[in-house]
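See the structure below:
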């Protein structure tokens, strides 16, 4: 086995922006720097320097040309300042909030790659900022309960399969099952809902689009076989009538009434794009929704306890009533199943 030895220069390679700033400084001296000389000075390859120069000229619009007689590059006109990412105070605050939002993934497999990605986004910012970032720690914070524990390697494999339109195989355990089932899928789209990752894909054996929870997969294999995603598929359209992640072709007219305690909490948020909120004379509210699935809205109504009551449809009301009776029966017995 041939062991690759990492060169000293590879360990100390500067970030692209830092390299281009050094190239800019060399060009401003008027000494006609070239790829060979800069590569030795910055400890990178000549090809890397050429790519940096091309980017500076083609993407940043810097007036760089090559002088064959001087064997080097030069500015054809005065460049007073190197182009940098300009951000407003509002945009800078948004970046800070995004960075704080990453804290919800501390301790998970996403922590390191997300932090690295954020650092890359901020590499182009100027060092001089008129806002005291340290003061913002006392202004913004995020807290989440129960983020999913997703395997990073599996996530990367699935995301690559989605991007490259390659079939995947895996074993999957449904929420209501104790055993795993073999699945073969055309992966269409990944989405994160309430800190849980889901995959939308065409189940080859079941001949239909299904939703898979990544944490319930095991033994994932990315196959060589490819597929052509249907042009009509849209994740946004697929989730349009969903209260969370699940939907169906059937449309349900949901009506819920909230008491005075819950009404203000309901007013403070947008729960669904289809919602209609009606203020009632006694200070309570009625919430109407159009959804394609009942289980998720049922769990949500139950989470409000005695502060919410389902009014329609009748099948939703009957299901919630049945679950309430089961809960009452559970609390009517001790841990050994004996009546209290």
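In my numbering, the protein residues as written are 115 to 454.
From the three backbone atoms N, C-alpha and C, an ideal C-beta is built for every residue, glycine too.
Taking the continuous alpha helix (DSSP H) assigned at residue i, which residues delimit it?
| i | result |
| --- | --- |
| residue 431 | 428–444 |
| residue 335 | Not the alpha helix (DSSP H): residue 335 falls in the beta strand (DSSP E), residues 331–340. |
| residue 352 | 349–352 |
| residue 288 | Taken as a continuous stretch (DSSP letters only), residue 288 belongs to no alpha helix (DSSP H), as it is neither H nor E. |
| residue 194 | Element bounds for residue 194: n/a, residue is neither H nor E. |
| residue 163 | 160–172 |
| residue 150 | 149–156 |
Give me the DSSP bridge partner(s) of residue i.
| i | result |
| --- | --- |
| residue 421 | In the DSSP output, where bridge partners are listed per residue, residue 421 has none listed. |
| residue 323 | 316 |
| residue 310 | 307 |
| residue 404 | 367 |
| residue 299 | 282 and 317 |
| residue 181 | 186 |
| residue 399 | 372 and 393 |
If residue i sits next to residue j, beta carbons under 8 Å apart, how far is it from one beta carbon to the other, in whole angstroms?
| i | j | result |
| --- | --- | --- |
| residue 303 | residue 342 | Not a contact, Cβ separation roughly 15 Å. |
| residue 372 | residue 421 | 6 Å |
| residue 187 | residue 180 | 5 Å |
| residue 298 | residue 281 | 6 Å |
| residue 269 | residue 311 | 7 Å |
| residue 262 | residue 162 | Their Cβ separation, rounded to whole angstroms, is 39 Å, which puts residue 262 and residue 162 out of contact at 8 Å. |
| residue 424 | residue 434 | 5 Å |
| residue 383 | residue 399 | That belief does not hold up - the Cβ atoms of residue 383 and residue 399 are roughly 12 Å apart, past 8 Å. |
| residue 305 | residue 349 | 6 Å |
Going by C-alpha distance, which of the options is nearest residue i?
| i | options | result |
| --- | --- | --- |
| residue 324 | 282, 145, 314 and 333 | 314 |
| residue 367 | 347, 321, 421 and 406 | 406 |
| residue 337 | 297, 283, 422 and 436 | 283 |
| residue 390 | 409, 370 and 375 | 370 |
| residue 155 | 144, 319, 165 and 140 | 140 |
| residue 413 | 397, 186 and 360 | 360 |
| residue 456 | 191, 142, 195 and 131 | Residue coverage of the chain in this structure runs from 115 to 454, which leaves residue 456 outside it and unanswerable. |
| residue 227 | 152, 266 and 196 | 266 |
| residue 173 | 354, 134 and 327 | 134 |
| residue 79 | 393, 160, 277 and 331 | In the structure displayed, the chain extends from 115 to 454; residue 79 sits before or after that span and is not available. |
| residue 178 | 167, 184 and 185 | 167 |
| residue 194 | 153, 152 and 143 | 143 |
| residue 365 | 374, 388 and 318 | 388 |
| residue 358 | 274, 152 and 385 | 385 |
| residue 196 | 136, 427 and 352 | 136 |
| residue 272 | 326, 321 and 288 | 326 |
| residue 333 | 294, 316, 145 and 312 | 294 |
| residue 427 | 441, 444 and 401 | 401 |
| residue 190 | 163, 138, 149 and 162 | 138 |
| residue 318 | 362, 376, 354 and 339 | 339 |
| residue 363 | 404, 184, 411 and 149 | 404 |
| residue 397 | 378, 264 and 409 | 378 |
| residue 275 | 440, 354, 161 and 335 | 335 |
| residue 355 | 381, 411, 429 and 415 | 411 |
| residue 289 | 157, 409, 442 and 148 | 409 |
| residue 430 | 277, 346 and 415 | 415 |
| residue 192 | 182, 185 and 176 | 176 |
| residue 182 | 159, 439, 171 and 149 | 149 |
| residue 145 | 157, 160 and 185 | 185 |
| residue 353 | 418, 285 and 307 | 307 |
Does the ligand PLP have a heavy atom nearer than 6 Å to the CB of residue i?
| i | result |
| --- | --- |
| residue 433 | As far as ligands go, the structure on display features none, and thus does not contain the ligand PLP. |
By the DSSP assignment, the beta strand (DSSP E) with residue i in it spans what residues?
| i | result |
| --- | --- |
| residue 135 | No beta strand (DSSP E) contains residue 135, which is instead part of the alpha helix (DSSP H) from 130–142. |
Using a Cβ-Cβ cut-off of 7 Å, state whether residue i counts as contacting chain B.
| i | result |
| --- | --- |
| residue 326 | Structure shown: chain B not included; a single protein chain is present. |
Enumerate, from N- to C-terminal direction, the unbroken beta strand (DSSP E) stretches of 3 or more residues contained entirely within the stretch 369–393. 390–393
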